[in-house]
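**Q**
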Amino acid sequence: PIFTMDLDLFSAFDDEGESVTEVPEPTEVEPALTSRKRPLSKDSPVEKSRDIKRGVGVESGAAELKDAPVNLTITHTEVREMKWDGRSVLTFSAIPEGLASAQVADKGIEQTLPENPAKTYPFELDPFQKQSIAYIERNESVLVSAHTSAGKTVVAEYAVARSLRDKQRVIYTSPIKALSNQKFRDMQEEFGVDQVGLMTGDITINPTATCLIMTTEILRSMLYRGSEIMREVAWVIYDEIHYMRDKERGVVWEESIILLPHKVRFVFLSATIPNAREFVGWIAKLHHQACHVVYTDYRPTPLQHYIFPAGGEGLHLVVDDKGKFRDEAFQRAMAKLHNMSDDQAKATGNDKQKKKGGGNQDNKSDVKRIIQLIMERGLDPVIVFSFSKKECEAHAMMTSKIDLNDDNSKELVEQVFSNAIDALSDDDKQLPQIVNLLPILKRGIGIHHGGLLPILKEVIEILFQEGLLKCLFATETFSIGLNMPAHTVVFTQCRKFDGKNFRWITSGEYIQMSGRAGRRGKDDKGIVIQMLDEKMEPAEAKSILYGAPDRLYSSYHVSYNMLLNMVRVEGADPEFLIRSSFHQYQQQEGVPAIEAQAEDLTKERDAMVIEDEAGVADYHNLTTEVAKCKKETCALKMLAENCLPWIQAGRLVYVVDKDQDFGWGAVVDLCKSKDRGAAVLKSNHLVEVLLTCRGDSPQDDPQAYDQSQGG
């Protein structure tokens with residue numbers, strides 16, 4: 030039998046000795062396509078904007094590019110904690126000096142909706158939602174920091190409703206097009222088709238609407254162009270603001286925040302940020318306005334975390350729904366993984382390849398088994414995260430014999446899919462993606478990654494929201510902001526390639542993706558399953574599961590794109606953006622601490638008493654002089670005419686390269702450098718030396734080999 034003993038997949042969920050709370054069977058929810066009209070996005074004429082002025086929003090109240098930020102002093106209020114039904118809400122504020130205290134005093138703020146709210150809700154709001162709405166009603170910026178599915182969207186919706194009530198324009202920005210598409214559909218359903226527009230790199234719909242949903246790149250482009258729309262903007266909502274730390278695109282967030290007018294107010298939605306105080310201080314100083322933080326660590330649906338060792342026969346509960354780490358279960362999982370790795374190494378002789386390659390046949394079959402278990406236990410829908418598009422599609426192809434939909438659901442899937450592609454030409458309908466995807470979708474299985482056509486991604490998002498897809502294979506981008514929670518989340522790997530090296534995912538990345546597990550109001554608990562194909566140390570596992578969320582740091586850098594945009598703008602000063610960046614603010618904020626540290630070190634140095642200080646100084650000077658003479662002597666010895674007669678095969682040599690001491694080695698050969706390796710040599714000869722290396726030396730790294738040739 031495949032599933033046995035305490036490692037059995039079923040007992041991992043049911044065994045009382047393992048202290049696992051039973052996950053109840055979810056009630057089946059009928060698809061509500063008939064009652065929810067969610068129009069698909071269609072192309073419309075692109076916005077015909079005029080360059081109102083070559084300056085960046087000067088007329089609309091923005092800071093002029095030639096001006097440096099005013100050197101304001103920012104006052105940070107004390108952190109206040111409020112308790113409600115066992116849930117805590119933390120609030121604190123950053124207030125520029127000189128701002129009227131009566132307007133920004135953070136005392137006695139009522140946790141109730143205003144007398145005439147811009148929007149009412151059919152349910153009781155959480156304390157952090159009430160607190161955030163109170164700040165919005167006071168026309169003050171707010172950063173809402175909470176876990177996924179905690180209800181941050183309510184705050185954004187209220188900001189939109191307030192703008193519509195006061196006849197002000199509001200912009201909702203998101204990091205990815207998929208999130209923009211979803212918010213566009215949701216906002217249209219909430220506020221009406223005429224009130225909401227969409228602007229992404231793919232499509233533009235109703236660009237003159239009061240509420241505009243767009244990607245952050247579009248907002249930055251409008252600011253550089255001096256678009257007339259920006260004159261009327263009163264509120265800007267930044268969803269997933271922690272995306273600002275992205276190395277490639279994070280600079281777009283900073284530029285758009287810097288270039289927005291001072292009169293604009295902000296709503297920042299984010300996962301938990303450890304250094305939120307720094308961020309709101311930057312906003313307060315940059316735009317001369319109060320900015321508040323509302324933070325809660327409350328998670329509506331607790332999570333259970335399991336480990337599935339690659340090639341193993343069961344799941345191991347490592348973190349229960351109370352957040353307790355179970356070290357014994359973790360060690361059993363690692364022992365099982367170690368035994369499997371040894372067996373595979375003996376069978377294949379290439380264990381290292383399997384560890385780094387990922388996506389091997391055993392891994393794919395394991396994914397299939399886990400999917401089957403999840404469906405049998407009623408733990409669907411499930412999101413399976415992979416870290417490459419190729420793996421994402423390969424795993425989906427492995428489930429070709431699994432059918433998760435009944436006939437009625439298949440008809441609904443085909444109907445939605447057909448309605449979506451009707452707008453395409455006959456030639457486009459024959460594209461391989463479109464032809465091959467429908468049979469997979471009809472079986473209740475979806476694929477979502479950046480390589481799909483925009484219209485297909487939109488269809489898949491709608492089908493998943495409506496419950497017509499039970500299993501979705503997705504890349505990491507699906508975890509960013511999309512309000513599409515599932516009952517279960519599966520990681521096919523816990524290592525990813527970051528463009529340079531393979532590494533374990535960070536706690537912030539894990540929190541973001543695992544947060545998709547557990548649907549508020551539907552599931553008592555969310556299930557998270559990690560598939561491991563490489564042994565992990567307990568400290569590493571705890572760092573991922575319990576580690577602090579990633580800090581929000583600046584990824585600002587000067588790019589050709591930024592410089593070209595500045596050239597287009599009259600009187601532009603690139604230094605303005607650099608001086609105003611979050612990076613510059615962080616550096617300036619760190620100056621007092623560095624100065625204090627330097628002062629302490631100076632005092633410590635002055636307090637030191639050195640016996641015979643003059644003699645010690647002479648010794649140091651003489652030692653430095655000896656080292657200098659040795660270096661000069663060595664340089665003379667290394668001249669070809671001096672050393673070549675002594676370098677012969679079999680002679681022992683001592684190899685030192687800068688600070689690296691390689692020790693003694695034996696000369697193997699001496700040859701002309703033109704034969705090989707000439708690109709890394711300054712001389713005309715190559716000496717091959719046999720050295721004793723450590724077992725963990727980078728023997729397969731050609732860069733390491735090249736660097737060692739200098740000795």
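The sequence shown maps to residues 30 to 740 in our numbering.
Here a beta-carbon is modelled for each residue, glycine too, at the ideal position from N, C-alpha and C.
Could you give the DSSP three-state label for Thr-120: helix, strand or coil?
**A** DSSP places Thr-120 in strand when its eight states are reduced to three.
**Q** Report the three-state DSSP secondary structure of Gly-808 (helix, strand or coil).
**A** Only positions 30 to 740 of the chain appear in this structure, which leaves residue 808 out of reach.
**Q** From Gln-224 to Pro-621, what distance separates their C-alpha atoms?
**A** Spanning the two alpha carbons is a distance of roughly 48 Å.
**Q** Is the distance from the Cβ of Ser-536 to the Cβ of Met-273 below 9 Å?
**A** Cβ atoms of Ser-536 and Met-273: not closer than 9 Å.
**Q** Could you give the distance in angstroms between the alpha-carbon of Ala-439 and the alpha-carbon of Ile-491?
**A** Checking the sequence shown, residue 439 turns out to be Lys, not Ala. C-alpha separation (whole angstroms): 14 Å.
**Q** Just to confirm my understanding: we take Tyr-187, look at its own chain, exclude 5 residues before and 5 after, and list those with CB closer than 7 Å. What are they?
**A** Once the five neighbours on either side are set aside, the close Cβ partners of Tyr-187 are Ala-147, Lys-148, Ile-162, Ile-165.
**Q** Using the Cβ count rule (16 or more neighbours within 10 Å means buried), how would you classify Val-347?
**A** The residue is buried, with at least 16 neighbouring Cβ atoms inside 10 Å.
**Q** How many angstroms separate the CA atom of Cys-240 from the CA atom of Asp-629?
**A** Each residue's Cα considered, the two are about 54 Å apart.
**Q** The beta strand (DSSP E) that contains Ser-170, what's its start and end?
**A** Start and end: 170-174.
**Q** Are Ile-431 and Ile-558 close, meaning C-beta to C-beta below 9 Å?
**A** No.
**Q** Counting only runs of 4+ residues fully inside the stretch 156-229, write out the alpha helix (DSSP H) ranges in chain order.
**A** Whole alpha helix (DSSP H) segments, 4+ residues: 156-166, 181-194, 206-220.
**Q** So, does the stretch 202-218 touch the stretch 305-322, judging by three or more C-beta pairs under 8 Å?
**A** They do not touch, by the three-pair rule.
**Q** Measuring only the C-alpha atoms, how far is Lys-353 from Lys-571?
**A** Answer to the nearest angstrom: the Cα atoms are 11 Å apart.
**Q** Using only the alpha-carbon positions, how far apart do Leu-651 and Cys-700 sit?
**A** Their Cα atoms are separated by approximately 39 Å.
**Q** Quick one: using the 10 Å Cβ neighbour count with 16 as the cut-off for buried, is Gln-617 buried or exposed?
**A** It counts as exposed.
**Q** Might you give, ordered along the chain, the residues of its own chain that have their beta carbon closer than 6 Å to the beta carbon of Asn-235, omitting 5 neighbours on each side?
**A** The residues are Gly-226.
**Q** So, for Ala-175: in the same chain, excluding its five sequence neighbours on each side, which residues have a beta-carbon less than 6 Å away from its beta-carbon?
**A** Once the five neighbours on either side are set aside, the close Cβ partners of Ala-175 are Lys-181, Thr-325.
**Q** Kindly provide the ranges of any beta strand (DSSP E) runs that are 3 or more residues long and lie completely inside the stretch 490-537, ordered along the chain.
**A** Runs of the beta strand (DSSP E) inside the stretch 490-537: 500-503, 517-520, 524-526, 531-533.
**Q** Does DSSP put Met-404 in a helix, a strand or coil?
**A** Correct three-state label for Met-404: helix.
**Q** Spell out a yes or no on whether the stretch 449-456 and the stretch 411-419 are touching, meaning 3 or more CB-CB pairs, one atom from each, closer than 8 Å.
**A** Taking 8 Å as the limit for Cβ pairs, the verdict is that the stretch 411-419 does not touch the stretch 449-456.
**Q** So what does DSSP say about Asp-647, is it helix, strand or coil?
**A** Residue state, collapsed to three classes: helix.
**Q** For Ile-242, is the beta carbon positioned less than 8 Å from some heavy atom of the ligand NAP?
**A** Judged by which ligands are present, the structure shown has none, so any question about the ligand NAP falls away.
**Q** Between which two residues does the alpha helix (DSSP H) harbouring Pro-621 extend?
**A** Run containing Pro-621: 611-636, per the alpha helix (DSSP H) assignment.
**Q** Distance check for Gly-475 and Pro-468, CA to CA, integer angstroms please.
**A** The alpha-carbon atoms of Pro-468 and Gly-475 are separated by roughly 10 Å.
**Q** For Gly-547 and Thr-330, which I take to be in contact (beta-carbon distance under 8 Å), what is that distance rounded to the nearest angstrom?
**A** Contact holds; Cβ gap of about 3 Å.
**Q** Pull up the DSSP beta-bridge partners for Asp-690, would you.
**A** Beta-bridge pairing links Asp-690 to Val-685.
**Q** I'd like to check one pair, Val-281 with Arg-249: are the Cβ atoms closer than 9 Å?
**A** It is a contact, given that the beta carbons lie within the stated cut-off.
**Q** Is Gly-310 helix, strand or coil when you go by DSSP?
**A** The answer is helix: DSSP assigns Gly-310 an H, G or I state.
**Q** Could you tell me which residues DSSP pairs with Ile-558 in its beta bridges?
**A** Answer by DSSP bridge pairing, in chain order: Tyr-335, Val-519.
**Q** Check for me: the beta strand (DSSP E) holding Val-348 runs from which residue to which?
**A** Note, Val-348: beta strand (DSSP E), 345-348.
**Q** When DSSP builds the beta bridges, which residues end up paired with Ser-299?
**A** Beta-bridge pairing links Ser-299 to Ser-174.
**Q** Indicate the three-state DSSP secondary structure (helix, strand or coil) for Glu-416 in the structure shown.
**A** The sequence as given places Phe at residue 416; Glu does not occur at that position. DSSP places Phe-416 in coil when its eight states are reduced to three.
**Q** Which two residues bound the contiguous beta strand (DSSP E) that contains Val-293?
**A** Note, Val-293: premise wrong, no beta strand (DSSP E); not H, not E.
**Q** Quick one: Cα of Asp-356 to Cα of Ile-258, how far?
**A** Cα to Cα, Asp-356 sits roughly 57 Å from Ile-258.
**Q** State the start and end residues of the unbroken alpha helix (DSSP H) segment that holds Tyr-253.
**A** Unbroken alpha helix (DSSP H) run through Tyr-253: 245-254.
**Q** Tell me, to the nearest whole angstrom, how far the beta carbon of Lys-471 is from that of Val-518; I am working on the premise that it is less than 8 Å.
**A** In fact, because the Cβ distance is near 24 Å, the residues do not count as touching under 8 Å.
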